[in-house]
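This report concerns only the one structure given below.
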Amino acid sequence: MSGFDDIVETALAWHRAGEGAALATVVQTWGSAPRRVGSQLAISGSGQMAGSVSGGCVEGAVVVEAMEAIESGAARMLEYGVSDGDAFAVGLACGGTIRVLVEPVGSVLPEVLLEGLCARRAAREACIYVTKLGGAPRLNAGDPARLRADRSGFDEDGETFHCVFNPPLRLIIVGAVHIAQALVPMARVVGYDPVLIDPRAGFAAPERFAGEKILEDWPDEAVAALGLDARTALVLLTHDPKLDDPALLAALASDVFYIGALGSKRTHAKRVERMEAAGISAADIARIHGPIGLNIGAAGPSEIALSILAEMTQRLRKPA
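The sequence shown begins at 24 in my numbering and counts up by one.
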């Protein structure tokens, strides 16, 4: 699962290998905490780590607690804050406070529950993991409001924690061009699962995108096979209406969270004319970010890729 964080999958693999494993989850924050609620860290019985619950501040202390929890088979709630006497000893000097729930796999987190969670993630199905200290964890289809906001948190009782697992973020790029060569690795680092679409063999050559998923299909066929959802961003980079427009029309009929199209203002004006001729509403046409990317004065493919990723992030995290 190299396309998105595989923290849960890693914990399950360690458990199955007999190493022992625990999941540590940020369940509450105050002040300038370095990671958001729902962030996770997987810890093996030998002290290996995957993910994080802070900016590197308290991971060492959490690993020690987690290894003890694996041995005891019991969950534990941890709290680290700048006001604590040992806060600076573990390094949380950013002025925030975090609570972290540590749950050993097997004794607290049933293997079958993690298997179900991993299967839903692989199938791009949203769900919520519900737990509380001393209680039996479970999965449910989720609260639509929580899923839409992508926000984990406590229930009104202050004891029951809901951890949101939305489908992994996905980036579909039409056009295996120079900009895409910079955008794909950047997007992967941020947490996207990138897919390239380009029916032109010269552009879609595997050596230009080592190890990446490339579909040499016509874009309308490719996006139909992939499916489009609210956790997907579509980026059009070919400049060719024959390639861009079919994928664009499919995206406008879906709930993808971001649509960006490369080209000048003049090129975009012609694109708008084609969409209007196709019967697309003004409101839907306004969803298209064109010219693509935040206006940061980008020069060259790598900086343009950076501006695109920045605009995608803005749209995802600040949609209004």
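For every residue, glycine included, the Cβ atom is placed at its ideal position computed from N, Cα and C.
Inset, instruction - Look at the alpha carbon of Ser-77 and the alpha carbon of Arg-58, and state the distance between them as a whole number of angstroms. - result: Position 54 of the sequence shown holds residue 77. Position 35 of the sequence shown holds residue 58. Their Cα atoms are separated by approximately 5 Å.
Legend entry - Nearest neighbour of Met-298, chosen from Leu-272, Ala-228, Asp-28 and Leu-317 [CA to CA]: Here residue 298 is taken as the residue at index 275 of the sequence shown, counted from 1. Of Leu-272, Ala-228, Asp-28 and Leu-317, the residue nearest in Cα terms is Leu-272.
Inset, instruction - Write down the C-beta distance between Leu-101 and Glu-82 rounded to the nearest angstrom, noting that I regard them as a contact closer than 8 Å. - result: On the sequence shown, position 78 is the one that residue 101 refers to. On the sequence shown, position 59 is the one that residue 82 refers to. Not a contact, Cβ separation roughly 12 Å.
Inset, instruction - Determine the extent of the alpha helix (DSSP H) in which Asp-180 is found, giving its start and end residues. - result: Indexing the sequence shown from 1 puts residue 180 at position 157. Where Asp-180 is concerned, there is no enclosing alpha helix (DSSP H), given that its DSSP letter is neither H nor E.
Legend entry - Candidates Phe-177, Ala-306, Leu-192 and Leu-275, of which the one nearest Arg-340 by Cα: Within the sequence shown, numbered from 1, the residue matching residue 340 stands at position 317. Per the Cα distances, Leu-192.
Inset, instruction - Could you tell me which residues DSSP pairs with His-185 in its beta bridges? - result: Counting from 1 along the sequence shown, the entry for residue 185 is found at position 162. Paired residue(s): Val-153 and Gly-176.
Legend entry - Distance between Trp-37 and Leu-194 (C-alpha atoms, nearest Å): Numbered from its first residue, the sequence shown carries residue 194 at position 171. Numbered from its first residue, the sequence shown carries residue 37 at position 14. Leu-194 and Trp-37: Cα-Cα distance of roughly 29 Å.
Legend entry - Proximity of Ile-220 and Asp-240 at Cβ, strictly below 8 Å: Your numbering for residue 220 matches position 197 in the sequence shown. Your numbering for residue 240 matches position 217 in the sequence shown. Contact flag set, yes.
Legend entry - Terminal residues of the alpha helix (DSSP H) in which Asp-243 lies: To locate residue 243, count along the sequence shown from 1; it is residue 220. Its alpha helix (DSSP H) spans residues 242-249.
Inset, instruction - With a 10 Å radius around its C-beta and 16 neighbouring C-beta atoms as the bar for buried, classify Val-135 as buried or exposed. - result: In the sequence shown, the residue the question calls residue 135 occupies position 112. Val-135 is exposed by the Cβ-count criterion.
Legend entry - Integer Cβ distance of Gly-283 from Glu-334, believed to fall under 8 Å: For the purposes of this step, residue 283 is taken as the residue at position 260 of the sequence shown. For the purposes of this step, residue 334 is taken as the residue at position 311 of the sequence shown. About 7 Å separates the two Cβ atoms, so the contact holds.
Inset, instruction - Please determine, among Asp-178, Leu-257, Thr-261 and Thr-183, the residue with the shortest C-alpha to C-alpha distance to Leu-275. - result: Translated into the one-based positions of the sequence shown, residue 275 becomes position 252. The option with the nearest alpha carbon to Leu-275 is Leu-257.
Inset, instruction - Please determine, among Phe-177, Asp-216 and Glu-88, the residue with the shortest C-alpha to C-alpha distance to Arg-147. - result: Position 124 of the sequence shown, counting from 1, holds the residue named residue 147. Answer by Cα proximity: Asp-216.
Legend entry - Pick from Ala-245, Val-125, Lys-288 and Ala-44 that is closest to Ile-196, judged by C-alpha positions: Taking the sequence shown and counting its residues from 1, one reaches residue 196 at position 173. Taking only the C-alpha atoms, the option nearest Ile-196 is Ala-245.
Legend entry - CB-CB length for Tyr-205 against Ala-328, believed under 8 Å: As a first step, residue 205 must be located in the sequence shown, where it is residue number 182. As a first step, residue 328 must be located in the sequence shown, where it is residue number 305. For clarity, residue 205 is Ala in the given sequence; the question names Tyr instead. Ala-328 and Ala-205 do touch by the CB rule: their CB atoms are close to 4 Å apart, below 8 Å.
Legend entry - Sub-8 Å separation of Val-50 and Phe-184 beta-carbons: Within the sequence shown, the letter at position 27 stands for residue 50. Within the sequence shown, the letter at position 161 stands for residue 184. Yes, the Cβ-Cβ distance between Val-50 and Phe-184 is below 8 Å.
Legend entry - Distance, Glu-230 Cα to Phe-111 Cα: Locating residue 111 in the sequence shown gives position 88, counting from the first residue. Locating residue 230 in the sequence shown gives position 207, counting from the first residue. Caution applies to Phe-111, whose pLDDT of 49 falls short of 50 and renders its modelled position unreliable; the value that the coordinates give is listed next. Distance between the alpha carbons of Phe-111 and Glu-230: 48 Å.
Inset, instruction - Tell me Arg-58's beta-bridge partners as DSSP assigns them. - result: Here residue 58 corresponds to residue number 35 of the sequence shown, with the count starting at 1. Looking at the DSSP assignment, Arg-58 forms no beta bridge with any residue, so it has no partner.
Legend entry - Among Ile-93, Trp-53 and Ile-331, nearest to Ile-66 - alpha-carbon criterion: Residue 66 sits at position 43 when you count from the first residue of the sequence shown. Checking every option, the nearest Cα to that of Ile-66 belongs to Ile-93.
Inset, instruction - Look at the alpha carbon of Pro-222 and the alpha carbon of Ile-202, and state the distance between them as a whole number of angstroms. - result: Here residue 222 is taken as the residue at index 199 of the sequence shown, counted from 1. Here residue 202 is taken as the residue at index 179 of the sequence shown, counted from 1. Taking the straight line joining both Cα atoms gives about 17 Å.
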